[in-house]
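Below: the structure, in structure tokens.
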Amino acid sequence: MTTQLILLGTAGGPAPKRTRSAPAQAIVVNGATYVIDCGNGVARQLVHAGIPLDSLRAVGITHHHSDHNADYGNLYLLAWAANLERQVPAFGPPPLADMTRHFLAMNRFDIDTRVGDEGLPPLDELLDPHEVAADGVVFEDENARITAARVDHPPIVDAFAYRVDTADRSIVISGDTAPCENLVRLAAGADVLVHEVMYVPAVDAMVSRYNGTTLRDHLLASHTSVERVGALAKEAGVGTLVLSHFVPADADIADEVWREHAAAGFDGEVVAGKDLLRL
Numbered sequence: 001m002t003t004q005l006i007l008l009g010t011a012g013g014p015a016p017k018r019t020r021s022a023p024a025q026a027i028v029v030n031g032a033t034y035v036i037d038c039g040n041g042v043a044r045q046l047v048h049a050g051i052p053l054d055s056l057r058a059v060g061i062t063h064h065h066s067d068h069n070a071d072y073g074n075l076y077l078l079a080w081a082a083n084l085e086r087q088v089p090a091f092g093p094p095p096l097a098d099m100t101r102h103f104l105a106m107n108r109f110d111i112d113t114r115v116g117d118e119g120l121p122p123l124d125e126l127l128d129p130h131e132v133a134a135d136g137v138v139f140e141d142e143n144a145r146i147t148a149a150r151v152d153h154p155p156i157v158d159a160f161a162y163r164v165d166t167a168d169r170s171i172v173i174s175g176d177t178a179p180c181e182n183l184v185r186l187a188a189g190a191d192v193l194v195h196e197v198m199y200v201p202a203v204d205a206m207v208s209r210y211n212g213t214t215l216r217d218h219l220l221a222s223h224t225s226v227e228r229v230g231a232l233a234k235e236a237g238v239g240t241l242v243l244s245h246f247v248p249a250d251a252d253i254a255d256e257v258w259r260e261h262a263a264a265g266f267d268g269e270v271v272a273g274k275d276l277l278r279l
């Protein structure tokens, strides 16, 4: 068995970025694909990565900010158009079930037309949403076991990190979070931790241009500075720390800046994530 992690999108925040796509990760095991987060363009990024859309086996949403869920429904719709025929479970915090229902209603005309005109199976039968309300195992099949842990991302209460365990690797996706001991516990001994990062001097420069005091307060309260993430990775005892969900996602900040700050207090490998990077 070979497990691969593909970073589909590494930008933080909902506004489209020139050099990075919105947050999404794919974990591929034995040709089966498990997607965590569905930022804008996730289906196209899967295609760019050479991953067949009909290889989907599960889809997870860490929390309901639009940079993480904007293309949740579209991923299913586009995979369905690309010959997805099996039911694919989705898991994420409430109101995932309502979101699924409303998405299907919004696209009812197209769905019914394609079922009748192209012979596609009903899309409704392929979406299987499960709402995550507590820590614990949220998905398991012959390839992977996925475990959730609540993280600290105010003002959102239902925000989760996910750990994906396969026969040969353990990969943790932090989602959005301030420094969080529950995440450290989830990531204990993992091979790879994909963790969001924020560079405060660049945040200060960004908000000064827009008089964004409220935005700055939110970012500092609900995200993790790159200077602190290395210590969290060390405490968890992970092998490799992968930086992602860059805030700000500014091409002017060199990879070395992110890596050097994150490496403080951490002896393992530090990777500055890029879109479509395979690990």
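When we follow the UniProt record's numbering, the leftmost residue of the sequence shown carries the number 1, and every step to the right adds one. The beta-carbon is built from N, C-alpha and C at its ideal position, and this holds for glycine as well.
DSSP, read as helix, strand or coil, puts Gly92 in strand. In this structure, Val270 places its C-beta atom within 7 Å of the C-beta atom of Ala263. Residue Asp37 holds the alpha-carbon nearest to the alpha-carbon of Asn74 among Thr62, Ala49, Asp37. Between Asp165 and Arg145, the C-beta spacing is below 7 Å. For Thr33, DSSP records a beta bridge to Val28, Leu56. Contact annotation: Ser174 and Thr10 have beta-carbon atoms that are not nearer than 7 Å. Less than 7 Å divides the Cβ of Ala97 from the Cβ of Glu131.
For Phe109, the uninterrupted alpha helix (DSSP H) run begins and ends at 108-118, by DSSP.
Secondary structure of Gln87 (DSSP, three-state): coil. Across the structure, Val157 and Leu53 are spaced so that their CA atoms are roughly 31 Å apart.
When C-beta atoms of the stretch 92-109 are compared with those of the stretch 202-209, fewer than three pairs fall below 8 Å, so the two segments do not count as touching. When the five nearest sequence neighbours on each side are left out, the beta carbons in the same chain lying within less than 8 Å of the beta carbon of Thr213 are those of Val207, in order along the chain. Bridge partners of His153 according to DSSP: Ile156. Taking Pro248 as reference, the option from Ile171, Lys234, Asp204 with the minimal CA-CA separation is Asp204. Under DSSP, the beta-bridge partners assigned to His130 are Phe91. Judged by pairs of C-beta atoms under 8 Å, the stretch 60-79 touches the stretch 97-112, as three or more such pairs exist.
The DSSP-derived three-state label of Asp191 is coil. Closest option to Val194, judged by alpha-carbon separation, among Thr19, Ala24, Ala15: Ala24.
Rounded to whole angstroms, the Cβ separation of Gly13 and Glu196 is 11 Å, and the two are not in contact under 8 Å. Around the C-beta of Arg86, fewer than 16 other C-beta atoms lie within 10 Å, and the residue is accordingly described as exposed. The distance from the Cβ of Ile111 to that of Ile51 is about 24 Å, inconsistent with a contact at the 8 Å cut-off.
Residue burial annotation: His218 is exposed, with fewer than 16 other C-beta atoms found within 10 angstroms of its C-beta.
Membership of Glu140 in the beta strand (DSSP E) is indicated by the continuous run 136-140.
DSSP links Arg145 through a beta bridge to Glu140, Asp165. A distance below 6 Å between beta-carbons, with the five flanking residues on each side excluded, links Arg163 to the following residues of its chain, in chain order: Thr147, Val172, Leu186. Rounded to the nearest whole angstrom, the C-alpha separation of Ala26 and Thr33 is 6 Å.
For Ser244, DSSP records a beta bridge to Glu196. Each residue's CA atom was taken as its position, placing Glu235 and Val226 some 15 Å apart. Short of 7 Å from the beta carbon of His223, and not among the five residues preceding or following it, lie these beta carbons of its own chain, in chain order: Asp176, Ala178, Glu196, Met198, Val247. Annotated as distal: Ala161 and His153, with beta-carbon spacing of 7 Å or more.
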